[in-house]
Amino acid sequence: MEASRLESPHQPISGPEIPTEARPLVDALTSAGVLVRWNLSTSEWSLVEALVARTGVPALAAFARKQANARDISFAKYFLPGWRELPPLPASGVAVRPAARAASHDWQPYTNPADPSVYENGF
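Just so we're aligned, residue 0 is where the sequence shown starts under numbering that gives the first Met the number 0, counting upward by one.
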């Protein structure tokens, strides 16, 4: 065995450090409770950095949260194929259309606050 391994046997062997450009994504997923191993190769970290620049942290994090809610995921590498398929950020100056209200989980149809009984007749 190498002398350096004998001197510090409890020191973990780790891969490349998290790049500065990928840190916001890692932090967003960690704070959202998506706890995965980030043991990516240098080329995979380069891909993540490119995806952060192209697609943006909010879209990447939303995709990862949705996937993590659907199944038990242990490695960040799992998200890479799906992240590649996400659309890029809109060009600067292009207005982003807000999401439809009906698509949100808290949407309720309008009811007349003065007389809600008119909506209870089954029509």
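All residues carry an ideal CB built from backbone N, CA and C; glycine is no exception.
Open item on the list: In this structure, how does DSSP classify residue 22 when only helix, strand and coil are distinguished?
Closed with: Here residue 22 refers to the residue found at position 23 of the sequence shown. Residue 22 falls in the helix class under three-state DSSP.
Task: Beta-bridge pairing of residue 74 - partner residues as DSSP gives them - done: Along the sequence shown, one-based indexing puts residue 74 at 75. 36, per the DSSP bridge assignment.
Task: For residue 23, the nearest candidate out of 81, 57 and 65 (CA to CA) - done: If you number the sequence shown from 1, residue 23 lands on position 24. Per the Cα distances, 57.
Task: Best match in 41, 34, 32 and 31 for proximity to residue 17 [C-alpha to C-alpha] - done: Start at 1 with the first residue of the sequence shown, and residue 17 comes out as number 18. That would be 41, whose Cα lies nearest to the Cα of residue 17.
Task: Cβ shell of residue 19 (< 6 Å), same chain only, five flanking positions each side left out - done: Locating residue 19 in the sequence shown gives position 20, counting from the first residue. Nothing meets the Cβ criterion.
Open item on the list: For residue 82, which residues in the same chain have their Cβ closer than 6 Å to its Cβ, ignoring the five residues on either side in sequence?
Closed with: Taking the sequence shown and counting its residues from 1, the one referred to as residue 82 is at position 83. Cβ within range, chain order: 50 and 59.
- [ ] Have a look at residue 90 and residue 52 and give me their C-alpha separation to the nearest angstrom.
- [x] Position 91 of the sequence shown holds residue 90. Position 53 of the sequence shown holds residue 52. One C-alpha to the other measures close to 12 Å.
Task: Span of the alpha helix (DSSP H) around residue 45 - done: Within the sequence shown, numbered from 1, the residue matching residue 45 stands at position 46. Counting along the chain, the alpha helix (DSSP H) containing residue 45 begins and ends at 41-54.
- [ ] Return yes when the Cβ of residue 61 is within less than 7 Å of the Cβ of residue 33, no when it is not.
- [x] Locating residue 33 in the sequence shown gives position 34, where the first residue counts as 1. Locating residue 61 in the sequence shown gives position 62, where the first residue counts as 1. Their beta carbons are not under 7 Å apart, which means residue 33 does not touch residue 61 by this criterion.
Task: Residues of its chain near residue 36, where Cβ-Cβ distance is below 7 Å and the 5 sequence neighbours each way are ignored - done: Stepping through the sequence shown from its first residue, residue 36 is reached at position 37. Contacts found: 73, 74 and 75.
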